[in-house]
Amino acid sequence: MRLLVIEDDSLIARSLEQALTPLGNTVDVFTHHAQAREALQSGHFDLVLLDLGLPDGNGLTLLAELRQRGDTTPVLILTARDGIDARVEGLDLGADDYLAKPFSLAELEARVRALLRRSQQRADNRLTFGPLAFDATSGVATLNETVLDLPRRELRLLESLLLHAGSITPRETLENRLFGFGDVGSNALEVYISRLRKRLDGSGLRIRTFRGMGYRLEDAAP
Amino acid sequence: MSIRRVALVWLLGALAPSLAWGATPLIVEAALDRQVAAPLLDAFEAAYPNIQLTFRDHSTLEVDARVANEDNPPDVVISSAMPWQMARVNEGYAQPLESPAARAWPQWAKWRNEVFGFTFEPIVMAYRLDLARYMLPPKTHADLHTLLRRHRETLRGKVTTYSPLRSGVGYSLFQQDARYTTRFWDLVAAMGAADTHLEANTRSMLEGLSDGRYWLGYNLLGSYAMHWAQTHPEVIVQIPQDYSLVMMRMAFIHRDAPHPAAARAFLDFLLSQEGQRVIAGETPLFSVRPGVIGPYTAQRLRDQAGDRLYPIPLNASLLAFVDPARRAAFLERWQREFHRLSHPAPAQTPAATEPRIDKSSQR
Amino acid sequence: MIQVEGSLKARLAVWLVVTVSALGVLLLVEAYFSSQRAAERAYDSQLEAAALTIAEAVQWEAGQPVVEIPSAALQILATRHQERVFYAVLDAEGDTISGNLDMAIPPRWRHQVATQPAWFNETYRGTPWRLYGRELDSAGWETQDPVQIWVGHTMSGRDALTEALFEQAVTRFVIMVLVAGILMLLAMRVALAPMRRLRHQLRQRDADDMRPLEARVPEEMREMAETLDSLFTRQRESRDALLRFTADASHQLKTPLAGLQTTSELALKSENPEAWRQALADVHGSAGRTSRLAGQLLSLARLRHAEEQGTATRLDAVSLLRETAFDWAQRDAAQGHDIGLAALPEAPQYICGEAWALQELLGNLIDNALRYTPPGSVITLGAVCHAQTLEWYVEDDGPGVSAEVMARLHRPFERGGRQDTEGSGLGLAIVDSIVRRHEARMQVESAEKGGLRIRLLFPCLTRHEEG
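Residue numbers (UniProt numbering), protein chains in the order written: chain A, 1 to 222; chain B, 1 to 363; chain C, 1 to 467.
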């Protein structure tokens with residue numbers, strides 16, 4: 001994957017480069033608005049990490065230009081400004097995610113992975129998370145390239161979790177997906193979750209329960 | 001003169017006014033002797049060649065009657081019968097004249113900016129030189145009274161004055177005389193006793209003096225008398241030394257004047273420096289406008305006669321003179337006084353030939 | 001933002017002009033009519049005098065009234081203005097004994113005049129006339145019939161006099177207005193002098209001079225001066241608070257920075273990779289704390305900044321709580337704890353507030369709970385509907401605090417009496433600010449399971465307000 005980092009603070013830029021390169025990415029770093037614009041016009045990138053406070057211009061203008069050109073490259077905004085207005089404006093202009101400084105590198109990596117995965121999914125219509133994959137066209141789920149033979153509801157549950165992989169899937173969403181809008185017992189969902197958990201045993205993945213909120217498909221080893 | 005020639009003359013006469021292309025007609029009804037006024041009229045025609053002036057000379061009462069003629073109103077009305085002029089103005093027959101000359105005109109010689117006194121004519125006595133052979137000619141009213149009493153028989157039938165009934169001017173003058181002193185009535189009685197002839201105008205009196213019918217005339221218009229005396233040396237004009245009335249000829253533009261612009265031009269001319277100069281220099285009418293130089297100016301007359309000049313005031317009090325009841329009363333008294341001292345056969349006296357006063361024909 | 005809306009002088013001037021013009025119109029109308037009345041009185045008395053003069057001249061002769069119109073009467077009638085005049089002397093039958101114009105006197109008027117003299121207005125041949133009639137009981141030897149005397153004249157003198165009187169009134173009025181205007185301007189200058197003095201004093205003031213005003217002001221300006229004074233006082237207090245806060249904040253920031261410095265210095269001097277590792281771990285931890293501290297200081301400053309006020313909107317408190325809980329539950333910092341949601345009301349519950357501030361509020365409460373409870377503690381967020389209020393609560397099953405400490409929890413840099421955690425002590429102070437900003441109430445109490453329970457009670461928007 002080819003990543004573009006636009007960040008004027010050299011310390012952060014270097015950290016980002018060092019953190020993201022080992023994940024199998026090529027990282028280009030630019031510290032100025034003008035250079036970044038040139039790079040964006042000439043080359044293709046899979047993800048842009050954009051710092052809003054650049055010395056020679058507002059990052060939001062760059063973003064607006066990008067989207068105006070019809071370029072759908074995912075953009076992750078990094079900023080020290082944590083006002084909700086700036087966040088909303090950035091998302092309105094077509095940013096895909098937003099990370100306020102200071103952030104931990106682990107969180108950054110997670111976000112980058114999610115964005116790349118989403119863009120990948122958009123590209124090949126496949127949902128993947130680690131060894132787990134789901135082909136939306138054929139409706140076949142695989143684990144480590146092995147087809148998982150799942151009943152219909154478990155398959156839907158897996159699909160929903162995969163869709164939100166890495167973040168919490170609200171329990172209401174899951175219930176609606178599995179049982180429609182009809183009234184169901186409070187632990188009906190839990191039954192299917194525990195069935196799915198058994199199937200994922202030993203795969204390096206797990207389904208974590210968030211009390212009162214929902215479930216999250218995540219790596220087993222935190 | 002053949003009929004053809006008469007016809008030709010008539011035709012020319014008829015065409016004459018229309019030959020002057022674009023000329024505005026102007027009709028002036030005046031109680032003003034044409035001969036006396038001729039230089040003034042000529043000067044006007046010279047100054048306004050575009051105005052075709054028609055000047056009609058009548059007696060004062062006739063002029064007054066024509067003012068009320070609804071069908072054929074004149075443009076300008078001039079008369080020496082001041083009360084009648086005043087009455088017509090009061091009735092609304094005049095229109096105001098708004099011009100610098102009118103505004104600058106002395107206040108005592110105009111009323112409502114509608115009627116203007118444009119002459120200043122002293123009232124005089126006149127006598128024939130013959131008189132001086134028999135007696136000292138009168139210089140004052142008192143002198144006249146004395147002469148009439150002392151030389152009644154010598155003067156019988158040789159004295160003349162205005163008829164108050166047939167002349168508006170005469171009536172006004174007697175009214176004015178009567179206002180100043182009650183001894184005036186003694187004078188009237190003395191005149192009656194001397195069988196004084198009553199004439200309708202100054203001209204008749206002057207003619208009588210010249211041809212010897214009369215020796216003494218009282219209350220003549222000074223202007224005419226002086227003009228006459230220039231060519232008739234036998235007539236002597238005397239401005240009374242005690243008091244001398246002054247009469248103003250009053251002119252106004254008729255309310256319904258058919259040619260108002262020409263009428264304004266004419267009246268303005270009468271009041272103008274030029275018109276007044278002609279009056280002062282070429283007529284014996286005496287100019288009113290101050291600053292005019294000439295033999296006949298009000299100022300010169302004042303210098304000569306001093307305080308004895310009594311101009312008949314040009315104001316609303318004149319209206320009283322034309323009040324029918326008052327006029328009737330005055331004329332009645334006039335008759336009574338005139339006949340008081342005369343012989344008991346009033347029918348034979350000249351005064352008795354006067355027609356009875358008829359209220360309907362008073363104006 | 002100061003918007004200049006006209007000037008006091010202009011405002012006063014406008015009011016002066018408006019009232020004076022309104023008053024002026026009334027006065028002038030009154031002046032016109034009174035001028036007319038005065039002129040009428042003056043000229044009516046002339047008519048009366050003329051009529052009396054004529055009456056003097058009426059005599060009886062042979063059973064007939066006769067009159068010799070006196071010139072003086074006509075001159076009185078004509079007046080200085082040379083009016084056209086009318087007079088008539090009528091006998092008992094209304095026939096004219098003497099008269100000058102054919103103006104007909106209506107019988108109605110004759111009857112009226114029979115009882116007492118009267119004035120009339122009449123238009124004769126297009127010209128307005130003023131007539132006066134009076135009856136005279138004349139005594140003759142044979143008969144004693146009454147005689148009526150009528151006099152009249154045109155009205156140009158009256159008009160001229162009215163005009164002259166009115167002109168005088170107008171002149172007087174204009175002079176009065178001018179004088180009043182000048183006096184008003186002077187009065188304005190005098191009256192506004194204290195304001196000018198105050199302005200001068202304020203202009204001379206140094207930017208950081210917050211002492212109370214020392215100015216003599218009139219009663220009307222006392223309130224303004226006091227308001228200014230109280231503004232200065234508040235600014236002074238606010239500035240003092242800011243200075244205190246900045247000093248505190250600097251101190252707070254300096255401490256971890258000093259730690260970073262000493263740790264990194266020691267590590268650089270050391271040759272031992274194990275020491276480096278330890279130092280780096282310390283540096284990492286301290287940097288995290290420091291940036292969190294900086295974030296909180298920023299939030300607190302922002303909250304105290306007056307300009308940020310007034311952006312409150314109507315929002316759903318339930319979904320806001322849910323979103324914030326989702327957000328925090330997934331953060332790295334929360335992975336050691338059990339953050340959960342209690343059952344929430346089904347329907348949206350609307351309150352009035354600022355989303356960012358409320359998120360900050362919940363975030364701080366959650367963050368506090370995470371920091372002041374041991375790993376594995378259960379933190380539960382919930383929303384409860386009451387009659388007038390909506391309650392948010394955050395409770396934990398940690399150690400809790402003592403009642404004495406609970407009272408001063410919201411003060412900045414207070415750490416619940418503990419120095420052993422990573423907290424800065426700013427969390428609850430921020431929470432307190434936000435709570436006050438939303439006119440909400442915060443209750444800190446011990447939870448059933450022994451931990452701390454913080455309840456936030458927001459006023460609900462009523463149905464009416466929602467519309």
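Ideal Cβ placement from N, Cα and C applies to all residues, glycine included.
Just so you know, these numbers come straight off a predicted model, no measurement behind them.
A contact is defined here as three or more CB-CB pairs under 8 Å, and the segment 275 to 285 of chain B fails this definition with respect to the segment 65 to 76 of chain B. DSSP, reduced to helix, strand and coil, places residue 9 (chain C) within a helical segment of the structure shown.
According to the DSSP secondary-structure assignment, residue 148 (chain A) is paired through a beta bridge with A:141.
A check of alpha carbon separations from residue 160 (chain B) across B:132, B:92, B:193 and B:134 identifies B:193 as the nearest. Taken through DSSP and simplified to helix, strand or coil, residue 82 (chain B) comes out as helix. Residue 458 (chain C) has a beta carbon lying at 8 Å or more from every beta carbon in chain A.
Spanning the alpha carbons of residue 211 (chain B) and residue 131 (chain B) requires a straight line of approximately 14 Å. In the three-state reduction of the DSSP assignment, residue 31 (chain A) falls in the coil class. If the five residues before and after residue 79 (chain A) are omitted, its C-beta is found closer than 7 Å to the C-beta atoms of 51, 52, 53, 86, 100 and 101, all from its own chain and listed in chain order. Residue pairing of residue 119 (chain B) in beta bridges, as defined by DSSP: B:287. The Cβ atoms of residue 255 (chain B) and residue 271 (chain B) do not sit closer than 8 Å to each other. Residue pairing for residue 446 (chain C): DSSP places it in a beta bridge opposite C:452.
Counting of Cβ neighbours within 10 angstroms places residue 435 (chain C) among the buried residues, the total reaching 16 or more. In this structure, DSSP gives residue 128 (chain B) an extended state, which the three-state scheme calls strand. In the three-state reduction of the DSSP assignment, residue 104 (chain A) falls in the coil class, being assigned neither a helical nor a strand state.
In the DSSP assignment, residue 191 (chain A) falls within the unbroken alpha helix (DSSP H) covering 188 to 200. Assignment of residue 52 (chain B) by DSSP, reduced to helix, strand and coil, places it in the strand class.
Contact between the segment 73 to 87 of chain B and the segment 302 to 309 of chain B is not established, with fewer than three Cβ pairs separated by less than 8 Å. Excluding residues up to 5 positions away in sequence, 200 lie with their Cβ nearer than 7 Å to the Cβ of residue 166 (chain B) in the same chain. DSSP links residue 133 (chain C) through a beta bridge to C:118 and C:150. Against chain C, the CB of residue 84 (chain B) has no partner CB under 8 Å away; the residue lies outside that interface. When 7 Å is used as the limit between beta carbons, residue 84 (chain C) is near these residues of chain B: 90 and 92, in chain order. The continuous alpha helix (DSSP H) containing residue 264 (chain B) extends over residues 260 to 271. The Cβ neighbour count for residue 110 (chain B), taken over all protein chains shown within 10 Å, is at least 16; the residue is labelled buried.
Runs of the alpha helix (DSSP H) lying entirely within the segment 179 to 203 of chain B and spanning at least 4 residues, in chain order: 183 to 193. Note on geometry: alpha-carbon atoms of residue 6 (chain C) and residue 201 (chain C) lie some 23 Å from one another.
Shown here, residue 207 (chain B) sits in a helix according to DSSP, grouped into three states. Interface criterion met: the Cβ of residue 210 (chain A) is under 8 Å from a Cβ in chain C. Between the C-alpha atoms of residue 28 (chain B) and residue 112 (chain B) there is a straight-line separation of about 21 Å.
Beta-bridge partners assigned by DSSP to residue 218 (chain A): A:206. Rounded to whole angstroms, the Cβ separation of residue 290 (chain C) and residue 253 (chain C) is 7 Å, and the two are in contact under 8 Å. In the structure shown, residue 254 (chain B) adopts extended strand secondary structure according to DSSP, grouped into three states. Between the segment 47 to 55 of chain C and the segment 16 to 25 of chain C, the count of Cβ pairs shorter than 8 Å is below three; the stretches do not touch. By the neighbour-count criterion, in which 16 or more other beta carbons inside 10 Å mark a residue as buried, residue 234 (chain C) falls on the exposed side. Contact annotation: residue 367 (chain C) and residue 451 (chain C) have beta-carbon atoms that are not nearer than 8 Å.
It is roughly 16 Å from the alpha-carbon of residue 329 (chain B) to the alpha-carbon of residue 173 (chain B).
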